[in-house]
Amino acid sequence: MLRDPPPLPQWQGILYPYTGVVWASVGGVVILATLVYYCASIRELRLSPIESFMIVLQSLMNQSVSQEPRVWVSRGLLGLWLLATWVLRVSYTCNLMAFLTVPVLQPPLTKLEQLAEADLRNDEWPRALPDLNVCEHWGRYSNTQLNPSILNTRVKLLTALTNVLEEMKFNRDLFVSLGIPIGDSLVGRWLCMLDYGEFVPEALATSTHPILARLGTKLDLVPTDGSLTYEGEEHCVEMVVAGTHAHVETYSYLRMLFRDLGHHNVYTLREQLYLGNLAFFFTKNTPWEYKFDVGMRRLVEAGLVWQWYSEIMEEDRHSGKLRESRLPVLSLSHLQGPFLLLVVGGGLATITLLAERLLQPNTTSP
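Just so you know, we're using this note's numbering here: the sequence shown kicks off at 2 and counts up by one.
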């Protein structure tokens, strides 16, 4: 389970309807169309390269062409260019309003390989965070056994420091002056799991698969805390919400855990690490064990178990959809794109006007 990726800045909504490759292609096509139109109409209209560029740009900006060529070759080229610019304008304007009002999220992680290679911390974040001794490698706590209340306080402090470091650059001298030791125990650890004896940590540590082995070196195990409702899973949840860790646990349990704790801005990888099975334990030689086997097998074969599971998980999805369906209140941040578009449009219009005034020949009335 990971925190939803942060949305892209609102001002990028002006550029986001097209990808960078499309914008580069449009720029190249504009230059090519300018050269072709200049060569085709150089004898008839005697246009300069700048004037040819302005004519090509006029159709791209939905402006009428000031000079219509009479040669059929030039007319055909201009007609094809008008059709191409019409497609570009329609595809851009149809997506512009959606991108200006709806936040666009960065691409989420979908594979274990991406999780192994990704840095959940921002590139501007420190490579060495304050050593809070939350947990040592492979979940072995510090030499002095941490009290659950102390661990809870330090996890909250880690979350607070993470939020502060997200807004400011890391100042090593600042923490040293405050008496906070600087260490590397939290560098590169992006997985979190409750230390309740699960096989996953050892399996990752001894795995021969390079991706799984890399994930094993990035695992933090948090000690159990019987005073909490979920035995300490809350600590991993706080790390996920802070954006520094990914929570490793069975899929269904994670969905219900984050739902019960009120965190819906999270998602799971499409590629699963392992399968979790539900089992019922009995003492050896229990006489009624076969009765339970027959009954549970019948429930599974009839599809009732899957139906009950689907209803529970659908309730979780429905609660998340209700939360997402609430209409957001438009704020100034949502209007960054429109205002920037207004400024850019005004600037282009001013440049176009000045260029037309400078290039237009002076004519005097008789």
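A virtual CB, placed ideally from N, CA and C, is assigned to each residue, including glycine.
Environment of residue i [buried if 16+ CB atoms lie within 10 Å]
{"i": "Glu234", "result": "buried"}
{"i": "Val39", "result": "Residue identity differs from the one stated: residue 39 is Tyr in this sequence, not Val. By the 10 Å Cβ count, Tyr39 comes out buried."}
{"i": "Arg297", "result": "Note that residue 297 corresponds to Met in the displayed sequence, not to Arg. Looking at its Cβ environment, which holds fewer than 16 other Cβ atoms inside 10 Å, Met297 is exposed."}
{"i": "Glu272", "result": "exposed"}
{"i": "Val57", "result": "buried"}
{"i": "Cys237", "result": "buried"}
{"i": "Val249", "result": "buried"}
{"i": "Pro50", "result": "exposed"}
{"i": "Phe340", "result": "exposed"}
{"i": "Pro70", "result": "buried"}
{"i": "Thr35", "result": "buried"}
{"i": "Gly347", "result": "exposed"}
{"i": "Arg358", "result": "exposed"}
{"i": "Gly21", "result": "exposed"}
{"i": "Ser228", "result": "exposed"}
{"i": "Phe293", "result": "exposed"}
{"i": "Arg256", "result": "buried"}
{"i": "Ala25", "result": "exposed"}
{"i": "Gly217", "result": "buried"}
{"i": "Glu316", "result": "exposed"}
{"i": "Trp309", "result": "exposed"}
{"i": "Trp82", "result": "buried"}
{"i": "Pro131", "result": "The predicted position of Pro131 is uncertain, since its pLDDT is 35 and thus under 50; a value taken from the coordinates is nonetheless stated next. With 16 or more other Cβ atoms within 10 Å, it is buried."}
Chain-order list of residues whose beta-carbon lies under 8 Å from that of residue i (same chain, five-residue window excluded)
{"i": "Leu61", "result": "Val31, Thr86, Leu89, Arg90"}
{"i": "Val27", "result": "Tyr19, Leu89"}
{"i": "Lys112", "result": "Leu270, Arg271, Glu272"}
Residues near residue i in its chain [Cβ-Cβ closer than 7 Å; skip 5 each side]
{"i": "Leu342", "result": "Ile15"}
{"i": "Leu78", "result": "Val37, Tyr38, Ala41"}
{"i": "Gly180", "result": "Because Gly180 carries a pLDDT of 42, less than 50, the predicted location of this residue cannot be relied on, and the following value inherits that uncertainty. Within the same chain, Gly180 has no close Cβ partners at all."}
{"i": "Asp196", "result": "Gly140, Leu222, Val223, Pro224, Thr225"}
{"i": "Met2", "result": "Val241, Ala247, His248, Leu255, Phe259, Val267, Thr269"}
{"i": "Leu48", "result": "Tyr39, Ser42"}
{"i": "Val74", "result": "Ala41"}
{"i": "Arg76", "result": "Pro70"}
{"i": "Asn63", "result": "Arg90"}
{"i": "Val23", "result": "none"}
{"i": "Ala350", "result": "none"}
Whole-angstrom C-beta distance between residue j and residue i, which should lie under 8 Å
{"i": "His246", "j": "Cys193", "result": "4 Å"}
{"i": "Arg215", "j": "Ala117", "result": "4 Å"}
{"i": "Tyr268", "j": "Pro109", "result": "6 Å"}
{"i": "Val345", "j": "Arg4", "result": "Not confirmed; about 33 Å, so no contact."}
{"i": "Leu258", "j": "Tyr231", "result": "6 Å"}
{"i": "Gln107", "j": "Pro7", "result": "6 Å"}
{"i": "Leu354", "j": "Glu52", "result": "In fact, because the Cβ distance is near 15 Å, the residues do not count as touching under 8 Å."}
{"i": "Met374", "j": "Ala243", "result": "The chain is shown from 2 up to 367; residue 374 falls before or after that span and cannot be answered."}
Limits of the beta strand (DSSP E) - the one that residue i falls within
{"i": "Asp196", "result": "192-196"}
{"i": "Leu220", "result": "220-224"}
Heavy atom of the ligand NAD within 8 Å of residue i beta-carbon
{"i": "Phe283", "result": "Among the components of this structure there are no ligands whatsoever, and the ligand NAD is therefore not found."}
Cβ shell of residue i (< 6 Å), same chain only, five flanking positions each side left out
{"i": "Leu213", "result": "Leu205"}
{"i": "Val72", "result": "Glu45"}
{"i": "Val165", "result": "Per-residue confidence for Val165 stands at a pLDDT of 49, beneath the threshold of 50, marking its modelled position as unreliable; no derived number is given."}
{"i": "Phe283", "result": "Glu290"}
{"i": "Ser178", "result": "Because Ser178 carries a pLDDT of 45, less than 50, the predicted location of this residue cannot be relied on, and the following value inherits that uncertainty. Excluding sequence neighbours, Ser178 sits near nothing in its chain."}
{"i": "Ile352", "result": "none"}
{"i": "Phe281", "result": "none"}
From the options, residue whose alpha carbon lies closest to that of residue i
{"i": "Arg260", "options": "Ile313, Thr225, Pro339", "result": "Ile313"}
{"i": "Glu114", "options": "Glu315, Leu300, Pro211", "result": "Pro211"}
{"i": "Cys95", "options": "Lys219, Ala119, Tyr17", "result": "Tyr17"}
{"i": "Asn278", "options": "Arg76, Glu199, Arg299", "result": "Glu199"}
{"i": "Leu274", "options": "Pro10, Glu239, Val66, Ser208", "result": "Ser208"}
{"i": "Leu262", "options": "Ala280, Glu239, Val66, Val295", "result": "Glu239"}
{"i": "Gln13", "options": "Val306, Leu305, Thr287, Ala99", "result": "Ala99"}
Residue i: first and last residue of the uninterrupted alpha helix (DSSP H) it sits in
{"i": "Pro50", "result": "50-61"}
{"i": "Ser42", "result": "21-42"}
{"i": "Glu234", "result": "234-243"}
{"i": "Arg299", "result": "290-303"}
{"i": "Val201", "result": "201-206"}
{"i": "Pro211", "result": "211-217"}
{"i": "Leu9", "result": "Premise fails: Leu9 is in no alpha helix (DSSP H) and is neither H nor E."}
{"i": "Ala117", "result": "113-118"}
{"i": "Phe259", "result": "252-261"}
Cutoff 9 Å: residue i Cβ touching any chain C Cβ
{"i": "Thr20", "result": "The chain inventory of the structure shown lacks chain C, comprising one protein chain alone."}
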